[in-house]
Every structure is written in C-alpha cells, then in structure tokens.
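Residue numbers (our numbering): 14 to 491.
The structure is reproduced here in structure tokens:
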C-alpha cells in the first residue's frame, strides 16, 4: 500500500507516514553512487530512511572521480552518524572517456556541504559488497562499473540480487551513467538480471519541484540541513534546479520505497512518475522526517477524529503540525496522556528526545539516555516526555535517571558510538519560572484559574517553542 505523506491539505491529519507497521522489515539495499549533486540529494534521504536497511555503499567513478567519491562518502556517513554501513572504494574504469566537464563543479558542490574530515572507513572494492545473506536490491545511481566487475569475478552474486534498479532511461544514448562505461552496461545487461529503470518522464524538473527544492532545508532533520547547505550557493542551487534537468537519482530511491507512485512506461522495464505533485509531497516528507517514524502497534492510519481533541488543542492543531511536524505532534499527544497533565516540562522532554534522535540520526528504541534532570517536579516531569519521544524505556534497559541539581535539564544521549548532551537554554527555563510565579501570585495553587493558566503556557510552548532553537547542544564523551 502506498504510504500517504504530509502535504498542505493534510496538515490536520495524523498520516500513515508517521507510523510504520509493527514488524515491518526494511529493504536490504546496496547503493552504487558516483556522488554527483543529484546522488548526494538522494543519499540524504536514504541515509535517514526508516524503510531501508543499507547493507553497503559502493563508490563509483563518474560524476566525481573514484577517490573523491569515496572520500565524500566517508564524510557523508560521518555527518549522518552511520558507521554501521560498510563502504567500498571504486574499481578503476577502463573507459577511454575523459572526465566529464561538470566533474569539478560537482565535486566542489558536494565537498562544500560536508565536514572537512572524517574517520577513514573505506574498504577496497570487493564483490562481497553484493554478497549479502538475504535477497537484496541494488540501486545504481552511477555507472555500472562496480557491479560488472563483481559479476565477472563472482558470478554467484547474481543469485543474491532480487532487484536491480537503475537511475535513468534504458537507452544509453539518453542515460549518461550507461554511456560513461558502455562495457559495464553491456556486461550487466547480458548477465540475465532483471533490470528496472526509473526515468523522470519529463524534459526538466517539474515547476513545483524547482520551486520547492531550495526551501526543503527549513526542517530539522540531518537530511534537510544537508540539502540546505548543499544548495546554499546560488550557482549550485541554479545548477540543480534549472541547468541539470534530470532528477532520476532522487526518483530511483523513491521508487525503491514507494513503487506505487510510479507507472510502467510501455512494455519495457522503465518506470516513470504517476503524479509529480504526489512525488514532491513524498520527497519533501522523507527529507523532513528522518528515522524517527513511530511504528504502528495498536493505532490505525486514519485521521484522528476531531472529537478526540479538547477544544483548545483542536484550535491549535493545524498550527502545531505546520510549525513542528506530525511526528512531534503525535509524540506530544502520547506524552500528555501518559503524564495526565499538559505541562511545560513534559512537553520540553518530548521535544528534547526527538531533537536528540534527529541529531544522532537514531531510530526509536535505539539511544541510550541518561537524564540528569532535577529530582522533583516540575523539572523532573521532562523524563516522561523523554521516554515517549526516544522510545528508550527503562524496560529496554536504555533509560536511566540520575537526578542532578535543582533546575537541571541536562540529558545525555548516545547512539552508534556518538554522544550528545542537551539542556534547555537558561532563558527558556527563566520564562517558564516567571510564568508560573505570575500565575501563583494571581490565583494561588488551589484555584482552577491557576491550572488553566498553566495549560495555556504549555500550549504556547507546544506550538511556538521549536525544538531546533530551544536547546543547548554539546558533544558528550563516549
């Protein structure tokens, strides 16, 4: 079933995209990439997708040189905190073709958006990249040099490849990747693998895509921020949006995860988009929302009925989702019901847990969380939100509370060998304290008006305190 996405008309709906099926197994994937500009955009989505399991990435010579491509991939894996993904260097292309005229531009554009250095993690090229234990999907975003070499040395890997998806049309005269190493293309075509091609089906990017692409990075995920940096230079943005008409690499990954968005073009194995607007909504959603999708356990994927929301929250729902996203919206709903009170610090805890997961590119139930928050309410209430948003429950052995000083909001998060320490910025703690003191002076703790005022403060925090702005973030020791 096609996963529904958040679009302008669905801002009021808790959509299926925020909830993955319980027990859903991600697709094992090997990605071949020559690290062009469009490859980098596609990888930004793939590296934070909860719907695939990237078994390996193989650098390929093409848009970038082979050594440059693998160096950029090392940095990109570091940026996205994915040391779990094996990375293989490219084999040397035996083609007489010179470097493409856009290589220097592509290498510069991608390099500028990446960290200046990263821990070396590359391995020499090996056919083992494609010899995974389960049937896998190979996603070819660059020339087919690596796969052709692997098939030549280890023909048995063909039995491991369930799907072979190639970016671009099937005609090598219209597909730069195929024409760059024609010998590799002929070898793969002759191998007997069932090939699927993903073409854009249009002479240029849709107008809606061209208008939206530069603004995608307004969100908080690692992928969104990477794309924002990638397209920050006016020349790079213009090249990506207008001068480079194709967008097959981005579509190829979307086809892998959402094939129902595509239709077969004629009798061949070429697939093109059914609806560019639907694709744009899907792409924008996948960029904005990383691996923090909540798995569906007892809830279905229908819209949350209006009558289930209190009137004051119903009035704010559209604005809350527009400003903070549907994942935070859902987590705050769960937090408030668990906490049995709409309170400032429980909401702060949920925002912090989600923000840490975004920064560490961590899926639910994966981070080790140690809270050094104050021992007593109201600050200790943040622990409820932290547990809900991170999924790092005490029952999973992932959550500890080691009470700190009065007023402390410091929490340590660890995932994939990386740690961060987050705390609420002092000016925000001061605003909460000032609001509570004002309500106490006006009404006292026993009056209904006091608790109504506390609720209004909490609703304001929920809607207008953005998780990307309210926390201090420091590296933690591992």
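Don't be surprised by glycine CBs; every beta carbon is placed ideally from N, CA and C.
Outcome for residue i when other beta-carbon atoms lying within 10 angstroms are tallied against a minimum of 16
i	result
residue 102	buried
residue 230	At residue 230, the pLDDT of 46 sits below 50, so the modelled position is not reliable; the number obtained from the coordinates is stated separately. Its Cβ being crowded by 16 or more others within 10 Å, residue 230 is buried.
residue 352	buried
residue 187	exposed
residue 321	exposed
residue 349	buried
residue 378	exposed
residue 16	Any answer about residue 16 is weak, because its pLDDT of 42 lies below 50 and its placement is not dependable; what the coordinates show is given next. So residue 16 ends up on the buried side.
residue 465	exposed
residue 286	buried
residue 398	buried
residue 157	buried
residue 302	buried
residue 406	exposed
C-alpha gap between residue i and residue j, whole angstroms
i	j	result
residue 152	residue 143	11 Å
residue 32	residue 306	Note that residue 32 scores 44 on pLDDT, short of 50, meaning its location in the model is unreliable; the coordinates nonetheless yield the value given after this. Their Cα atoms are separated by approximately 6 Å.
residue 372	residue 57	14 Å
residue 467	residue 310	32 Å
residue 191	residue 133	30 Å
residue 376	residue 462	40 Å
residue 339	residue 196	47 Å
residue 178	residue 62	18 Å
residue 362	residue 44	36 Å
residue 327	residue 347	15 Å
residue 450	residue 355	18 Å
residue 189	residue 201	16 Å
residue 40	residue 483	36 Å
residue 329	residue 357	16 Å
residue 290	residue 452	48 Å
residue 447	residue 396	22 Å
residue 73	residue 90	16 Å
residue 403	residue 367	6 Å
residue 105	residue 204	20 Å
residue 413	residue 241	35 Å
residue 111	residue 46	18 Å
residue 85	residue 418	43 Å
Residue i versus the options, residue with shortest Cα-Cα distance
i	options	result
residue 138	164, 132, 114, 295	164
residue 401	343, 167, 312	343
residue 279	182, 264, 269	182
residue 430	465, 59, 454, 380	380
residue 76	290, 121, 269	121
residue 52	154, 136, 428, 247	154
residue 171	193, 403, 141	141
residue 443	455, 457, 422	422
residue 284	412, 370, 96, 208	208
residue 295	55, 48, 50, 38	55
residue 252	159, 238, 119	119
CB-CB length for residue i against residue j, believed under 8 Å
i	j	result
residue 360	residue 198	Their Cβ separation, rounded to whole angstroms, is 55 Å, which puts residue 360 and residue 198 out of contact at 8 Å.
residue 67	residue 100	No, residue 67 and residue 100 are not in contact; Cβ-Cβ is about 10 Å, not under 8 Å.
residue 261	residue 213	5 Å
residue 386	residue 392	6 Å
residue 180	residue 265	4 Å
Fill in: Segments of 3+ residues assigned as beta strand (DSSP E) that fall wholly inside the stretch 298-382
307-309
Inset, instruction - Scan the stretch 231-256 and note each continuous alpha helix (DSSP H) run of 4 residues or more that stays entirely inside, going in chain order. - result: 235-243, 247-251
Could you pull out every unbroken alpha helix (DSSP H) segment of at least 4 residues lying fully inside the stretch 152-221, listed in chain order?
158-166, 189-193, 195-203
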